[in-house]
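Heads up, the thing below is written out as structure tokens.
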Amino acid sequence: MYTRENFALAKEEIEKRRLAAIAEADARNLELRARSPRIAEIDAELTKTGLTLFKIACSGGDLAPLRERNEALMKERREVLISLGLPEDYTEVHYSCPKCRDAGFVGTKMCSCLREIFFSKNLASSGMGRLVDKQSFDNFDLAWYAGSEDEARRMKTNVDTARRFAEGFGTHRDNLLLIGSTGTGKTHITTAIAKEVISRGFSVLYDSAQNIVSAFENDRFRAGRDRSEPESDKFLECELLIIDDLGAEFSNQFTVSALYNLISTRQNRGLSTIISTNLSAEELAGKYDGRIYSRIVGSDYRVLFFSGRDHRIFK
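Numbering (our numbering), first residue to last: -3 to 311.
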């Protein structure tokens, strides 16, 4: 699944940071030794005494004299650095994350730095684009619907339902169907859900029904000729799939079959799906056969109705 790939990419990025920090420290050490012969002498002696300490420890000898010598050398090294106008830790490795020292984990727990990179990788591959930077639960403006008491009440219920869906993701495998005309807030809500679910470490894909159907068509026509992983597999495997603009895709026997297979397979696997459409329930019934309609308007999906003025026009 692509989340494993994203996690591998995140770990690779952390490892690059770690190696870069070590390389920079090595470069500073080389530069300093060239600049100060005494530093070079101290470092050479410290290397030798380190090996000697190991040998004495293995033989059970007295370590105290050698440790005192090491401490004296380290003190002199710090004094030389200060005399050169450099900080005492000039040649130490300066990791980008001091908590995990760019390892990605503190003990067995994932560090916040790795989690942040993983989150950004998942966002980038989700298909949400820059929407996640602009749309969230916190900036969904219910005041827009204040002109109608019924609309305001309905939209508050929609937002509350969507928030519970997102915050409880992983403890349930629910499905949502968002019905409403263009500009009534469906995309904003699905983006807010996606952002929250991704932040919790789950895989999310967002794409139009047309693009999803096209992926299945491409796999169909290259079957037997291309051994690469089917393009449509990601839609069958991600933990949350958001299908945008259902009903706008070109409809024929194959596309209907592909959509039914997608919806049915995900339900059988216990994977959550959110469908957004500009069509009414009656229009959906007229466009799709009973198999699809019963799947998405039946008990398997919680239906949220959106109404009101088109935000995109009046903003």
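Glycine residues also receive a C-beta, built at the ideal position from the N, C-alpha and C atoms.
Is the Cβ-Cβ distance between F161 and L172 less than 8 Å? With respect to L172, F161 sits close: the two C-beta atoms are nearer than 8 Å.
Which residues mark the beginning and the end of the beta strand (DSSP E) in which R298 is found? Looking at the DSSP string, the run of the beta strand (DSSP E) that includes R298 is R298 to F301.
Would you mind working out which of P226, L201 and D203 sits nearest E213, comparing C-alpha positions? Checked all of P226, L201 and D203; the closest Cα to E213 is P226.
Rounded to whole angstroms, what's the CA-CA distance from L300 to G181? Just pull it up for me. Across the structure, L300 and G181 are spaced so that their CA atoms are roughly 11 Å apart.
Exposure of F165, with buried meaning 16 or more beta-carbon neighbours within 10 Å: Looking at its Cβ environment, which holds 16 or more other Cβ atoms inside 10 Å, F165 is buried.
L69 and E41 closer than 8 Å at C-beta: The answer is yes: Cβ separation under 8 Å.
Cβ separation of A17 and H90, assumed to be a contact under 8 Å, to the nearest whole Å: A17 to H90, Cβ: 6 Å. Contact.
Residues in the same chain with beta-carbon distance under 8 Å from S204, minus the five sequence neighbours each way, listed in chain order, please. Excluding residues within five positions, the ones whose Cβ falls inside 8 Å are I239, D240, D241, A244 and E245.
So what's V102 in DSSP terms, helix, strand or just coil? Reduced to three states, the DSSP call for V102 is strand.
Thinking F231 and L275 are a contact (beta carbons under 8 Å), I'd like their distance in whole angstroms, please. Contact flag wrong, Cβ pair sits at about 20 Å.
Minimum length 4: unbroken alpha helix (DSSP H) runs contained in the stretch 130 to 211: Entirely contained in the stretch 130 to 211, the alpha helix (DSSP H) runs reaching 4 residues are, in chain order, 145 to 163 and 182 to 195.
How about E145 and S199: do their beta carbons lie closer than 8 Å? Cβ distance not < 8 Å, so E145 and S199 don't count as in contact.
For I35, which residues from the same chain have a beta carbon less than 6 Å from its beta carbon, with the 5 sequence-adjacent residues on both sides left out? In the same chain as I35, and ignoring 5 residues on each side of it, the C-beta atoms closer than 6 Å to its own belong to L28, R29 and V76, in chain order.
When you compare the CB positions of I10 and G100, do they come within less than 8 Å of one another, or not? Here I10 is near G100, since their CB atoms are less than 8 Å apart.
Can you give me the C-alpha to C-alpha distance between D98 and E112, rounded to a whole angstrom? Straight through space, the alpha carbons of E112 and D98 are spaced by roughly 13 Å.
Close Cβ partners of N66 (< 6 Å) along its chain, the five nearest in sequence each way excluded: By the criterion of a C-beta distance shorter than 6 Å, N66 is surrounded in its chain by T45, once the five residues flanking it on both sides are discounted.
Rounded C-alpha distance that separates T48 from C54: Distance between the alpha carbons of T48 and C54: 10 Å.
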